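S.K.:
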Amino acid sequence: MLTHLKIRDFRCFPAWEGEFSPGVNAIVGPNAHGKTSLLEAVCVLLRLQSPRTAALGPVVRIGGIGFVVDGFYGDRHLQFYYSQKRKKLALDSVVQRNAGGYLEVAKVVWFSNADYVLASGAAEERRRYLDFVLTQSDPAYRQHLRAYEKALRSRNYLLKNPKTPWREIAAFDTPLLAAGVELTRAREQVIAQLAPLAAAAHHAISGAAAEPLSLAYHAGAGEDFAANLAASRAESLRLRQTLVGPHRDDLGLLLHDRPLHYASEGQQRTVALALRLAHAQLLTRQTGTPPLLLLDDIFGELDPQRRNALMNALPPHAQQIFTTTHLDWMEKRPDRLFDLSR
20 MLTHLKIRDF RCFPAWEGEF SPGVNAIVGP NAHGKTSLLE AVCVLLRLQS PRTAALGPVV
80 RIGGIGFVVD GFYGDRHLQF YYSQKRKKLA LDSVVQRNAG GYLEVAKVVW FSNADYVLAS
140 GAAEERRRYL DFVLTQSDPA YRQHLRAYEK ALRSRNYLLK NPKTPWREIA AFDTPLLAAG
200 VELTRAREQV IAQLAPLAAA AHHAISGAAA EPLSLAYHAG AGEDFAANLA ASRAESLRLR
260 QTLVGPHRDD LGLLLHDRPL HYASEGQQRT VALALRLAHA QLLTRQTGTP PLLLLDDIFG
320 ELDPQRRNAL MNALPPHAQQ IFTTTHLDWM EKRPDRLFDL SR
């Protein structure tokens, strides 16, 4: 469990410190008072990434040089300093050369009011969801993802060269294919694991009359990555970018066998919540311990019945930290309250 958090120069906070309950923790206050920033700080501390932005530079408080997040998860002490010039990572006061051991300490699932983009947004949003799931459930996935992204950037950079140095481009095909095959395998497997969990979560939130939710994997590499990469050479040259590979993957979502662009906004939000709950259930099954649940203002679009149904659908015994503007809808009071309106 997360027991303690201390931050400096993070978003709007020059400094903040707090102790958390192992049960349900509520961060309450008006909009633009830093509720989401505190939740984001927890995620950055435990996963070294923000669910709100791809880069950490914007997280540094205006006027600050860098931010510090410091906390205890169980008996493990985690510290992360970030600035544009350097990063420092420490686990139990020992500086870490890489993030591998650090990231094994805690598992996190992030829920957000903006999660509807998982259902209605571009494929990139669903790939980010899969990556966040797999970096916590598959120890080798992060390494394969970084290797693929590095080879892809290099290949695309060379494709933009007017002379098109194919011999140099071909040198990146081998690492691209090797890492890409591993990403495809991992994503296909995890979607098969998530599918029944997401369907069950969707039913729990929506009720007995809900349409069934199904998941499918649409592989951007096709059935034969190497052959399809070679066949796309002329078109890749014309468009100056790599057109085949896991960077074109998508997670197919269907309600009653129909695409979600036919669904209402409420249905899309419910599907997004089901995906997050499936992630939490998957981590609980794999580790035997529920992950830390970070829920950012996800209740505003739901009626009180669905709000409490969602709370009841969360993994039992999971530590929860959630943000909200008020608590008058809750059937059970939180174990710890942080009031940012004062």
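Letter by letter, the sequence shown follows residues 20 to 361 of the working numbering. For each residue, glycine too, the CB sits at the ideal point set by N, CA and C. Note that this is a predicted model, so its numbers are computed, not measured.
Mind the definition here: the stretch 286-302 touches the stretch 99-111 only if three or more C-beta pairs lie below 8 Å; say whether that holds.
M.R.: The answer is no - the stretch 99-111 does not touch the stretch 286-302, with fewer than three Cβ pairs under 8 Å.
S.K.: Residues in the same chain with beta-carbon distance under 7 Å from Ser69, minus the five sequence neighbours each way, listed in chain order, please.
M.R.: Result list for Ser69: Glu59, Cys62, Val63, Leu75, Val78, in chain order.
S.K.: Using three-state DSSP, classify Ile188 as helix, strand or coil.
M.R.: Helix.
S.K.: Starting from His23 and walking both ways along the beta strand (DSSP E), at which residues does that stretch end?
M.R.: 21-29 is the span of the beta strand (DSSP E), which, as asked, contains His23.
S.K.: Quick check on Asn180: buried or exposed, where buried means 16 or more other Cβ atoms within 10 Å of its Cβ?
M.R.: The residue in question, Asn180, is exposed, as its Cβ has fewer than 16 Cβ neighbours within 10 Å.
S.K.: Could you tell me whether the stretch 241-254 touches the stretch 213-231, using the rule of 3 or more Cβ pairs below 8 Å?
M.R.: Contact fails: fewer than three Cβ-Cβ distances are below 8 Å.
S.K.: Using a threshold of 8 Å, state whether the C-beta atoms of Gln363 and Ala138 are closer than that.
M.R.: Any answer about residue 363 is impossible in this case: the structure gives the chain only from 20 up to 361.
S.K.: To which residues of the same chain is Thr303 closer than 8 Å at the C-beta, ignoring the five residues directly before and after it?
M.R.: Excluding sequence neighbours, Thr303 sits near Pro309, Pro310, Pro334, Ala337.
S.K.: Count the other C-beta atoms from every protein chain shown that fall within 10 angstroms of the C-beta of Pro265, then say buried if there are 16 or more, exposed otherwise.
M.R.: Looking at its Cβ environment, which holds 16 or more other Cβ atoms inside 10 Å, Pro265 is buried.
S.K.: Give the single residue among Gln339, His96, Leu178, Thr154 whose Cα lies nearest to the Cα of Leu256.
M.R.: Of the listed residues, the one whose Cα sits closest to Leu256 is Leu178.
S.K.: Taking buried to mean at least 16 other C-beta atoms within 10 Å of its own C-beta, is Tyr281 buried or exposed?
M.R.: Result: exposed.
S.K.: In terms of DSSP beta bridges, what is Glu36 paired with?
M.R.: Partner(s): Lys25.
S.K.: Counting only runs that start and end within the stretch 225-254, where is the beta strand (DSSP E) found for 3 or more residues in a row?
M.R.: Within the stretch 225-254, the complete beta strand (DSSP E) runs of at least 3 residues are 232-237.
S.K.: Buried or exposed: where does His275 fall if 16 or more other Cβ atoms within 10 Å of its Cβ makes it buried?
M.R.: So His275 counts as exposed.
S.K.: Touching or not, the stretch 36-51 and the stretch 96-106, by the rule of three or more beta carbon pairs under 8 Å?
M.R.: Not touching, per the Cβ criterion.
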